[in-house]
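In what follows, a structure is listed as structure tokens, so that the remarks can point back to it.
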Amino acid sequence: MRHLLDTTEFNKSELEALIALGREMKANPAAFRTGLAGKNIVTLFEKQSLRTRVTFDIGINRLGGHAVYLDQQNGVMGQRESVKDFAMNLSRWCDGIVARVFDHKTLLGLREHATVPVVNSLCNLYHPCQALADFMTIAENYDDLSKVKLAYLGDGNNVAHSLLITGAILGTDVTVVSPKGSGPDAQIFNLAAELARQSGAKLAVTDNCADIRGFDVAYTDTWVSMGDNTPMDAVKDKFMPYQINQALLDNTGIRHVLHCQPAHRELEITSEVMDGPASLIMDEAENRMHIQNAILHTLINQA
Ligand code: CP
Ligand code: NVA
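Take the sequence shown: its position 33, counted from the start at 1, is 1276 in this note's numbering, and no numbers get skipped.
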């Protein structure tokens, strides 16, 4: 039984196959109308969502399956009943579980006790569906992912972690540019660096935007993630030098921009760039649906 808790569970050729399938599903939706026919998938959310909720629901419908949404009324899993009981009950009814949780350990518990595939749709450590949509979007614009240089600017969070790991497996150079003390988790960076040794990807962490001159793609995310109660005003000045704006694109020569959204316009990214010609952000949002369909199709129809 295969799951997707983070992208380390797939090797390079398997990730490439997922991206290729996502692109095929986007190009030829009619061929996949029964891809999940008769399958029921529960989508659990401990946190807010727009893109993830809607793309899983509509995506599953497009493949002929049925999605059951469990919202935040159910609160944090493990409170009303144990994560184990959640997983064992759901497994008796559904063919797959998609879960957005506060704590990665909840996903480990679901995976341990479920008898159906579990997909991480964001936790404190990773956001693998997002990273796969991001690399699918990059692949739509660059023929060879091993020649792409991706710069992530801002908080070294779950999204940064998944980009580092996925880039490391696929052979894409990834540099995280963060203020001192806000970089990615050292253990996750080391894990990504280990994977990069096999693919030849170059990974780095820096606090200097000059280090990403000549890069191809700039990426950013919120400076305060869900579950962190720090007021934006308390961190804004520290992060402002890492804003993606036109001056950054001019100084670095970077041609394309990504943002997982939700965006805080005029904070981590300016509207000028988000709505401008370098932005691939809405393609990226659309691709969440196609890549997630590729993930579900692959995991739920596994032998
Ligand atoms: N990017 C993303 O996961 O968006 P939502 O939080 O709206 O699902
Ligand atoms: N890092 C953000 C991503 C939102 C999609 C968060 O966890 O809130």
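Don't be surprised by glycine CBs; every beta carbon is placed ideally from N, CA and C. Quick caveat, the model's predicted, so the values are computed rather than measured.
In the DSSP secondary-structure assignment, L1396 is bridged to V1420 and T1463. Comparing alpha-carbon positions, the option among V1419, N1367, E1289 and A1528 lying closest to D1450 turns out to be V1419. Excluding the 5 residues flanking it on each side, P1427 has same chain C-beta neighbours closer than 7 Å at G1399, A1403, H1404, L1407, V1419 and V1448, in chain order. Looking at the DSSP output, F1288 bridges to R1343. Between R1354 and A1528 a beta carbon distance of about 27 Å is seen, past the 8 Å cut, so the two are scored as non-contacting.
Taken in chain order, the whole beta strand (DSSP E) runs of length 3 or more contained in the stretch 1476–1541 are 1499–1502. The shortest C-alpha to C-alpha distance from S1256 to any of G1278, L1388 and E1289 is the one to L1388.
A distance criterion of 8 Å places the beta-carbon of T1295 in contact range of the ligand CP, judged by its closest non-hydrogen atom. Counting the other CB atoms within 10 Å of its CB gives N1536 a total of 16 or more, which places it among the buried residues.
Counted as a single uninterrupted DSSP element, the stretch harbouring T1251 is not any beta strand (DSSP E), since DSSP gives it neither H nor E.
Separation of E1383 and D1526 (C-alpha to C-alpha, rounded to the nearest whole angstrom) is 10 Å.
A contact is defined here as three or more CB-CB pairs under 8 Å, and the stretch 1253–1271 fails this definition with respect to the stretch 1327–1343. At a cut-off of 8 Å, the beta-carbon of H1370 counts as near the ligand NVA: some heavy atom of the ligand is closer than that.
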